[in-house]
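**Student:** Per my numbering, the sequence shown starts with residue -7, numbered consecutively.
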Amino acid sequence: MSCLDESWAQVYFQVAILILLFGVGIPSLILQTIVPEDLRRIIYRNWGLYRWGFILIIGFIFIAITFVWIIHPCSSKQIGSLTTTGLIIDQWFTKLGLNLDQSIAGVFITIAIVMTGIVWVLYWFYRGDAILNILKRKCIAQIKRKGVPDERIIKDIQYLGERGGTGRDKIRVLRVLESLAENVQSHEYYDGNKLGNIVEAIEFILRKEPDYLSFNSGLKRLKDIVERLKSLNFASSADTGSVLRALRRLGEIACTLEEVNLALGVLDTIKFVCEGSDEEYKDAGLAFFQIGAIALQKKSYLVAVKGLTQLETMTWPKQPLDAQSSVAYLGLIAHFWVRNGSARKKALSSLNGIEFKPSRLQCLYIAKEIHYEAARFDTADVLTKLIAGLP
C-alpha cells in the first residue's frame, strides 16, 4: 500500500467536504422545494422520518463519489500520456495526478448521480401515503406496548387529513384512524375510555371542507367504532359519549351547509349509536334536538322532521315523560310550534300523542329553565311562546 502524499490528502479532504455539502445542504434545499409544506411539518416533528431519508441520501452520495473518484481513478501512466491545455487550473490538476477534462467529466457525472438519487429518495420516502404508513406503524407499536395511541402522532395524522384535499386522500387517512381505533379496542387493557383523540381527529377531518364521499366514509368509521364497543359490552362508555358528541357537531355543520343527505346520514348514525343503550339517551336526545332546530332555521324540513321522529321514537317507550326526559323533545316541539302553518300542525299532532307527569305544563316550565341555564336562549324563548299559546 503506497503512502498518502499531501496531494492525495488534499483530494480526499475535498471529497469529504463535498460529501458534507451534498449530504446536508443539498437535501435540505430539495426538501424545501420538492416536499409539500404539510409533509415538511410532519417530517420536522418526527425526526425519524427525516433521519432515514438523509442516511440513504448520504450513503448514496458516498457510493457515487467512491465509484467515480476512488474505484475508477486515473493511473500514473494515463496521466503522463494526457495532453494539457496550459491553463493554471490544468497544471494544478496535473500536479494532483488528475486530468482537467476527465475531472470535469467526473464532477458532472457525480452531480448527476447524486441529484438523481436525492430526488428519488425524497419522492419515495416523503410522499403523503408513505409518511402516513410510517406514522401508522409507529402508533400501532405504541398501542401494542401501552394500549393507548400516541397523541402527537394522532395530531400529525389529523393534520394530514385536514390538508389532504377531498375524496381519496381524506378517506385514506380516515381508514388509518379506524385501523388505530381497532388496535386500541382489541388490546387486552381496553376499558372503553381511550379513543377520545381518535374520534376527535375523525371529527376535525370531516369538518374541514366536507364532501359527500369522505363524510360518509367518516360516518362509517364512527359506526364501526361503536359496533365494536357494543360487541365488547361498552355500549355505554366514555368513548360512546365522544362519538355522540362528535356526531352532534357534525350534524350541525351538515345543516349549516344545507347538505341534506349528509345531515340525514348523521341522524341515522346517531340512531344506531343509541340503540339498546338507555344511558346514552340524554346525549342522543340533545343531538336530535340541536340538529332538528338548526334544520328548521335553514328550512331543511326533511332533516327537521326526521330529527323529531327520532326523538318521538326514543320518548314514546318512556311515557309518561317526566321533566328531565322530555327536555330535548319539548325544545324541538317549541321550534316547530312557533313557525305556524304546517310546522305548528306537526308539533300539535306530536304533543297530543305523548303523556307527561305530573303535567305537560309543568314539564314545559322545567324544560324552559333547563334550556335557559344551558344558554340556549332562543329555545327558552320559543318555549315561553309555546306555554302562552297552548290551551
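Glycine residues also receive a C-beta, built at the ideal position from the N, C-alpha and C atoms. Remember, it's a predicted structure, so these values are computed and weren't measured experimentally.
Just checking, does the segment 245 to 254 make contact with the segment 214 to 233 on the three C-beta pairs under 8 Å criterion?
**Tutor:** No contact exists between the segment 245 to 254 and the segment 214 to 233.
**Student:** Looking only at its own chain, which residues have a Cβ that is under 6 Å from the Cβ of Ala339, when we skip the five neighbours before and after it?
**Tutor:** Looking up residue 339 in the sequence shown gives position 347. Cβ within range, chain order: Ile325, Phe328, Trp329.
**Student:** In this structure, what does DSSP give as the bridge partners for Leu313?
**Tutor:** For the purposes of this step, residue 313 is taken as the residue at position 321 of the sequence shown. In the DSSP output, where bridge partners are listed per residue, Leu313 has Phe348.
**Student:** Ignore the nearest five residues each way along the sequence and tell me which others in Ala133's own chain have a CB closer than 6 Å to its CB.
**Tutor:** Working through the sequence shown from its first residue, we reach residue 133 at position 141. Here the set comprises nothing.
**Student:** What is the rounded straight-line gap between the Cα of Leu221 and the Cα of Glu195?
**Tutor:** One-based indexing of the sequence shown puts residue 221 at position 229. One-based indexing of the sequence shown puts residue 195 at position 203. Leu221 and Glu195: Cα-Cα distance of roughly 18 Å.
**Student:** For my contact list, Ile283 and Glu244 are in at a C-beta cut-off of 8 Å; report their separation, rounded to the angstrom.
**Tutor:** Numbered from its first residue, the sequence shown carries residue 283 at position 291. Numbered from its first residue, the sequence shown carries residue 244 at position 252. The Cβ separation is near 6 Å, so the contact holds.
**Student:** So what's His179 in DSSP terms, helix, strand or just coil?
**Tutor:** Sequence index remark: in the sequence shown, residue 179 carries index 187 (1-based). The answer is coil: DSSP assigns His179 none of H, G, I, E or B.
**Student:** Return the CA-CA distance between Leu294 and Tyr204, expressed in angstroms with no decimal places.
**Tutor:** As a working note, residue 294 is residue 302 in the sequence shown. As a working note, residue 204 is residue 212 in the sequence shown. Answer to the nearest angstrom: the Cα atoms are 18 Å apart.
**Student:** State yes or no: is the C-beta of Gln302 within less than 7 Å of the C-beta of Phe281?
**Tutor:** As a position in the sequence shown, residue 302 is number 310, starting the count at 1. As a position in the sequence shown, residue 281 is number 289, starting the count at 1. Against a cut-off of 7 Å, the Cβ pair of Phe281 and Gln302 comes out as no contact.
**Student:** The alpha helix (DSSP H) with Glu192 in it runs from where to where?
**Tutor:** On the sequence shown, position 200 is the one that residue 192 refers to. Looking at the DSSP string, the run of the alpha helix (DSSP H) that includes Glu192 is 188 to 199.
**Student:** Hey, out of Leu239, Ser228, Glu180, Asn208, whose CA is closest to Glu192's CA?
**Tutor:** Here residue 192 refers to the residue found at position 200 when the sequence shown is read from its first residue. Per the Cα distances, Leu239.
**Student:** Following the continuous alpha helix (DSSP H) through Asp148, name the residue where it begins and the one where it ends.
**Tutor:** Locating residue 148 in the sequence shown gives position 156, counting from the first residue. Here the alpha helix (DSSP H) through Asp148 covers 143 to 154.
**Student:** Could you give the first and the last residue of the continuous alpha helix (DSSP H) run that contains Arg336?
**Tutor:** Here residue 336 corresponds to residue number 344 of the sequence shown, with the count starting at 1. Note, Arg336: alpha helix (DSSP H), 333 to 343.
**Student:** Apart from the five residues on each side of it in sequence, which residues of its chain come closer than 7 Å, Cβ to Cβ, to Glu304?
**Tutor:** Walking along the sequence shown from the start, residue 304 turns up at place 312. So the list reads Ser342, once near-sequence residues are dropped.
**Student:** Is the CB of Leu288 under 7 Å away from at least one CB in chain B?
**Tutor:** Here chain B cannot be found, since the structure has a single protein chain.
**Student:** Helix or strand or just coil, what does DSSP make of Glu251?
**Tutor:** Taking the first residue of the sequence shown as position 1, residue 251 is located at position 259. DSSP places Glu251 in coil when its eight states are reduced to three.
**Student:** Do you know how far the Cα of Ala366 is from the Cα of Ser318?
**Tutor:** The residue given as residue 318 occupies position 326 in the sequence shown. The residue given as residue 366 occupies position 374 in the sequence shown. Roughly 15 Å separates the two Cα atoms.
**Student:** If we ignore side chains and look at the alpha-carbon of each, how far apart do Gly188 and Lys147 end up?
**Tutor:** The residue you call residue 188 lines up with position 196 of the sequence shown. The residue you call residue 147 lines up with position 155 of the sequence shown. So the alpha carbons of these two residues sit roughly 12 Å apart.
**Student:** Taking the alpha-carbon positions, what's the Lys128 to Lys186 distance?
**Tutor:** Mapped onto the sequence shown, residue 128 falls at position 136. Mapped onto the sequence shown, residue 186 falls at position 194. Looking at the two C-alpha atoms, the distance is approximately 17 Å.
**Student:** Taking the alpha-carbon of Arg167 as reference, which of His179, Arg155, Ile149 has the nearest alpha-carbon?
**Tutor:** Start at 1 with the first residue of the sequence shown, and residue 167 comes out as number 175. Of the listed residues, the one whose Cα sits closest to Arg167 is Ile149.
**Student:** Could you check whether Leu198 and Leu169 sit closer than 7 Å to each other, using their CB atoms as the reference points?
**Tutor:** By 1-based counting over the sequence shown, the position of residue 169 is 177. By 1-based counting over the sequence shown, the position of residue 198 is 206. The answer is no: Cβ separation not under 7 Å.
**Student:** Sort Tyr321, Ala380, Ala276 by Cα distance to Gly345 and report the nearest one.
**Tutor:** Numbered from its first residue, the sequence shown carries residue 345 at position 353. Answer by Cα proximity: Tyr321.
**Student:** Over the uninterrupted alpha helix (DSSP H) stretch that includes Leu224, give me the two end residues.
**Tutor:** What you label residue 224 is simply residue 232 of the sequence shown in a count that begins at 1. Leu224 -> no alpha helix (DSSP H), and no H or E assigned at all.
**Student:** Would you call the CB atoms of Cys247 and Lys290 closer than 7 Å?
**Tutor:** Counting from 1 along the sequence shown, the entry for residue 247 is found at position 255. Counting from 1 along the sequence shown, the entry for residue 290 is found at position 298. Against a cut-off of 7 Å, the Cβ pair of Lys290 and Cys247 comes out as a contact.
**Student:** Indicate the three-state DSSP secondary structure (helix, strand or coil) for Leu387 in the structure shown.
**Tutor:** Within the shown structure, residues of the chain are numbered from -7 to 383, placing residue 387 beyond reach of any answer.
**Student:** Within its chain, find whatever has a CB closer than 6 Å to the CB of Asn175; leave out the 5 residues flanking it on each side and keep chain order.
**Tutor:** Taking the first residue of the sequence shown as 1, we reach residue 175 at position 183. Excluding residues within five positions, the ones whose Cβ falls inside 6 Å are Ile132, Ile135.
**Student:** Any idea what DSSP makes of Gly184, helix, strand or coil?
**Tutor:** In the sequence shown, residue 184 corresponds to position 192, counting from 1. Gly184 falls in the coil class under three-state DSSP.
**Student:** Could you check the C-alpha separation between Ala287 and Lys337 for me, to the nearest Å?
**Tutor:** What you label residue 287 is simply residue 295 of the sequence shown in a count that begins at 1. What you label residue 337 is simply residue 345 of the sequence shown in a count that begins at 1. Computed Cα separation, rounded: 17 Å.
**Student:** In whole angstroms, what is the alpha-carbon distance linking Ile362 and Gln354?
**Tutor:** Counted from its first residue, the sequence shown places residue 362 at position 370. Counted from its first residue, the sequence shown places residue 354 at position 362. One C-alpha to the other measures close to 12 Å.
**Student:** Taking the straight line between their C-alpha atoms, what separation do you get for Ala380 and Ala296?
**Tutor:** The count along the sequence shown starts at 1 and reaches residue 380 at position 388. The count along the sequence shown starts at 1 and reaches residue 296 at position 304. About 23 Å.
**Student:** Straight-line CA distance for Ser334 to Lys130?
**Tutor:** Translated into the one-based positions of the sequence shown, residue 334 becomes position 342. Translated into the one-based positions of the sequence shown, residue 130 becomes position 138. If I take the Cα positions, the gap works out to 56 Å.
**Student:** Output the boundary residues of the alpha helix (DSSP H) element that contains Val295.
**Tutor:** As a position in the sequence shown, residue 295 is number 303, starting the count at 1. First-last of the alpha helix (DSSP H) with Val295: 293 to 307.
**Student:** Do you know how far the Cα of Val165 is from the Cα of Ile123?
**Tutor:** Along the sequence shown, read from residue 1 onward, the residue named residue 123 stands at position 131. Along the sequence shown, read from residue 1 onward, the residue named residue 165 stands at position 173. Using only the alpha carbons, I get a separation of about 11 Å.
**Student:** Between Ile377 and the rest of its own chain, which residues show a CB-CB distance below 8 Å, the 5 nearest in sequence each way excluded?
**Tutor:** By 1-based counting over the sequence shown, the position of residue 377 is 385. Note that residue 377 corresponds to Lys in the displayed sequence, not to Ile. Same-chain partners within the cutoff: Ala326, Trp329, Val330.
**Student:** By a C-beta neighbour count over all protein chains shown, 10 Å radius and 16 as the cutoff for buried, is Phe226 buried or exposed?
**Tutor:** The residue you call residue 226 lines up with position 234 of the sequence shown. Label assigned to Phe226: buried.
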